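Below is one structure, written out as structure tokens; comments come after it.
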Amino acid sequence: MAKGAGNKHKHENGQKLERKAYESELKKLHVELVKLQQWVVEQGLKVCIVFEGRDGAGKGGTIKAITERVSPRVFRVVALPAPTEREKTQMYAQRYLTHLPAAGEVVIFDRSWYNRAGVERVMGFCSDEQARKFLTVVPMFERMMIESGIILIKYWLEVSAEEQTRRLQDRINDGRKLWKLSPMDLKSYNRWDDYTRARDDMFAASDSSWAPWYMARSQDKRKARLNIISHLLQQIPYKDLSHKHKIELPKRGKIGKYKAQPYPFKMVAERF
Numbered sequence: 036m037a038k039g040a041g042n043k044h045k046h047e048n049g050q051k052l053e054r055k056a057y058e059s060e061l062k063k064l065h066v067e068l069v070k071l072q073q074w075v076v077e078q079g080l081k082v083c084i085v086f087e088g089r090d091g092a093g094k095g096g097t098i099k100a101i102t103e104r105v106s107p108r109v110f111r112v113v114a115l116p117a118p119t120e121r122e123k124t125q126m127y128a129q130r131y132l133t134h135l136p137a138a139g140e141v142v143i144f145d146r147s148w149y150n151r152a153g154v155e156r157v158m159g160f161c162s163d164e165q166a167r168k169f170l171t172v173v174p175m176f177e178r179m180m181i182e183s184g185i186i187l188i189k190y191w192l193e194v195s196a197e198e199q200t201r202r203l204q205d206r207i208n209d210g211r212k213l214w215k216l217s218p219m220d221l222k223s224y225n226r227w228d229d230y231t232r233a234r235d236d237m238f239a240a241s242d243s244s245w246a247p248w249y250m251a252r253s254q255d256k257r258k259a260r261l262n263i264i265s266h267l268l269q270q271i272p273y274k275d276l277s278h279k280h281k282i283e284l285p286k287r288g289k290i291g292k293y294k295a296q297p298y299p300f301k302m303v304a305e306r307f
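The sequence shown runs 36 to 307 under our numbering.
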């Protein structure tokens, strides 16, 4: 079995991981993710990864780090919007079922069915009774997933209140990140304790032996990404199939037999 974690740079808990060290380690992990991708396709595995956590905990950046060097046809990211009026009348889990992986797929949920235990409960989009019923049935729902052959891995990203404030303020100040700040983020900002209580209830109800929760500290985004990817690679035993997929460029052949026509292309201005 190929090993996911490369040689790790050692850092004190309070020391920020520098970009050069981060990129060096991430490159090694990306190579392993490509190997995992080939194994998932070859073996017809069905992998489902759930990311939950507070606003600003780093879910999006972690998912991007996982997927930026693999095929979007194998690694699919699902980030569902608020339910439509029609979806609100469906069985709660119904709209998630169609996104679960088929053979040869890795599906990553950027927030998932656990919305009911978190944001919906805290923000009043569902009743306490609906949240309670969800927490009662979700272990059985996930047991059904496991028994159907799905490999389910659940991550919770934990960040401090101070760091969350810094990141949300950074989104306000940085025009490139403003799209990340939703009206819901602002409404839920002053409900830290409510989210903590909802998180604890969720863990108590759904941290099962067949679908355990894994918590990652995300105070340092770079460390969190490396730790999560390393952990993910350890959860799915895989083999290096690169020797079976050796690629060599064929001979190109002679160039110049055809002369390109002087078409008046509308050229992009070369400003840089």
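Positions of the beta carbon are idealized from the N, C-alpha and C atoms, including for glycine.
No experiment lies behind these values; they were computed from the predicted model shown.
Using only alpha-carbon positions, find the residue among the options that is nearest to residue i.
{"i": "Ile264", "options": "Val303, Pro218 and Tyr190", "result": "Tyr190"}
{"i": "Lys94", "options": "His280, Ser253 and Arg287", "result": "Ser253"}
{"i": "Lys168", "options": "Glu182, Val157 and Arg151", "result": "Arg151"}
{"i": "Tyr131", "options": "Ala100, Trp148 and Val172", "result": "Trp148"}
{"i": "Ala100", "options": "Gln199, Arg257 and Glu197", "result": "Arg257"}
{"i": "Met158", "options": "Tyr224, Glu140, Arg104 and Glu60", "result": "Tyr224"}
{"i": "Arg206", "options": "Gly91, Glu182, Tyr293 and Phe238", "result": "Gly91"}
{"i": "Trp245", "options": "Gln73, Leu276 and Gly184", "result": "Gly184"}
{"i": "Leu68", "options": "Glu182, His134 and Ser277", "result": "Ser277"}
{"i": "Met126", "options": "Val173, Cys83 and Phe86", "result": "Val173"}
{"i": "His65", "options": "Pro299, Pro218, Asn262 and Phe160", "result": "Asn262"}
{"i": "Asp255", "options": "Ala304, Gln199, Lys294 and Lys215", "result": "Gln199"}
{"i": "Arg104", "options": "Glu58, Lys81, Asp220 and Leu170", "result": "Glu58"}
{"i": "Val112", "options": "Arg121, Thr102 and Glu120", "result": "Thr102"}
{"i": "Glu330", "options": "Lys292, Met175 and Phe160", "result": "Nothing about residue 330 can be reported from this structure: the residues present for the chain run from 36 to 307 only."}
{"i": "Pro107", "options": "Pro285, Leu61 and Val142", "result": "Val142"}
Any idea which residues DSSP pairs residue i with across the strands?
{"i": "Met219", "result": "Paired residues: none, contrary to the question."}
{"i": "Lys189", "result": "Val85 and Trp248"}
What is the DSSP secondary structure of residue i, reduced to helix, strand or coil?
{"i": "Trp245", "result": "coil"}
{"i": "Val113", "result": "strand"}
{"i": "Ile143", "result": "strand"}
{"i": "Met158", "result": "coil"}
{"i": "Phe300", "result": "coil"}
{"i": "Lys168", "result": "helix"}
{"i": "Gly153", "result": "coil"}
{"i": "Ile106", "result": "Rather than Ile, the amino acid found at residue 106 in this sequence is Ser. DSSP places Ser106 in coil when its eight states are reduced to three."}
{"i": "Ser59", "result": "helix"}
{"i": "Asn225", "result": "coil"}
{"i": "Tyr127", "result": "coil"}
{"i": "Pro174", "result": "helix"}
{"i": "Leu76", "result": "According to the sequence shown, residue 76 is Val rather than Leu. Correct three-state label for Val76: helix."}
{"i": "Ala100", "result": "helix"}
{"i": "Glu182", "result": "helix"}
{"i": "Asp205", "result": "helix"}
{"i": "Arg306", "result": "coil"}
{"i": "Lys70", "result": "helix"}
{"i": "His134", "result": "coil"}
{"i": "Gln50", "result": "coil"}
{"i": "Gly95", "result": "helix"}
{"i": "Ala295", "result": "coil"}
{"i": "Arg211", "result": "coil"}
{"i": "Thr119", "result": "coil"}
{"i": "Asp163", "result": "helix"}
Flag residue i as yes when its Cβ comes closer than 7 angstroms to any non-hydrogen atom of the ligand FAD, and as no otherwise.
{"i": "Lys215", "result": "The ligand FAD is absent from the structure shown, which contains no ligand whatsoever."}
For residue i, which residues of its own chain have a beta-carbon under 6 angstroms away from its beta-carbon, when the five flanking residues on both sides are left out?
{"i": "Arg260", "result": "Thr97 and Ala100"}
{"i": "Lys55", "result": "none"}
{"i": "Pro118", "result": "none"}
{"i": "Asn42", "result": "In this prediction, Asn42 has a pLDDT of 44, which is less than 50 and means its spatial position is unreliable; what the coordinates show is noted afterwards. Counting only Cβ-Cβ distances below 6 angstroms, and skipping sequence neighbours, we find nothing."}
Excluding sequence positions up to five away, which residues of its chain have a Cβ less than 8 angstroms from the Cβ of residue i?
{"i": "Asp229", "result": "Val157"}
Starting from the C-beta of residue i, find all residues in its chain whose C-beta is less than 7 angstroms away, skip the five residues before and the five after it, and write them out in chain order.
{"i": "Ala196", "result": "Trp227"}
{"i": "His266", "result": "Tyr249"}
{"i": "Phe238", "result": "Trp248"}
- Query: Considering only residues of the stretch 230-293, which uninterrupted beta strand (DSSP E) runs meet the minimum length of 3 residues and lie entirely inside it, listed in chain order?
  - Reply: 248-252
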